[in-house]
């Protein structure tokens, strides 16, 4: 069965109705689910989503409880399969980052890519 993995930017847009890409992200996720695709999310992405939701500038910042409930309702409670990388995967990502010229926040994208391939 086909599957797809969303990154944190897509998850933020999909759950925040005020986001400029909300309609596009929410519609695409729903379309894929409706067509029988399985949604996968990186465990690291769930934590990053929570961090983003709780640090947004007012008035969009959510309380820790509201952020947790939003993450659970939209990506955990029977909605998605969580992919968690092991220690070896993180070591490999770090080992190969310099030769792949990965720096700064791009390392988080490397974790998402590794999760999608797992």
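Numbering (the working numbering), first residue to last: 80 to 197.
Beta carbons: idealized from backbone N, C-alpha and C, even for Gly.
Between the alpha carbons of residue 185 and residue 154 lies a distance of about 23 Å. Under the three-state reduction of DSSP output, residue 82 falls in the strand class. Shown here for residue 80: same chain residues with a beta carbon closer than 8 Å to its own, the five before and five after excluded, namely 115, 116, 117 in chain order. Under the DSSP assignment, residue 121 falls outside any alpha helix (DSSP H), being part of the beta strand (DSSP E) whose first and last residues are 117-121. In the DSSP assignment, residue 186 falls within the alpha helix (DSSP H) that extends over 185-196. Looking from the CA of residue 157, the closest CA among 92, 120, 100, 170 belongs to 120.
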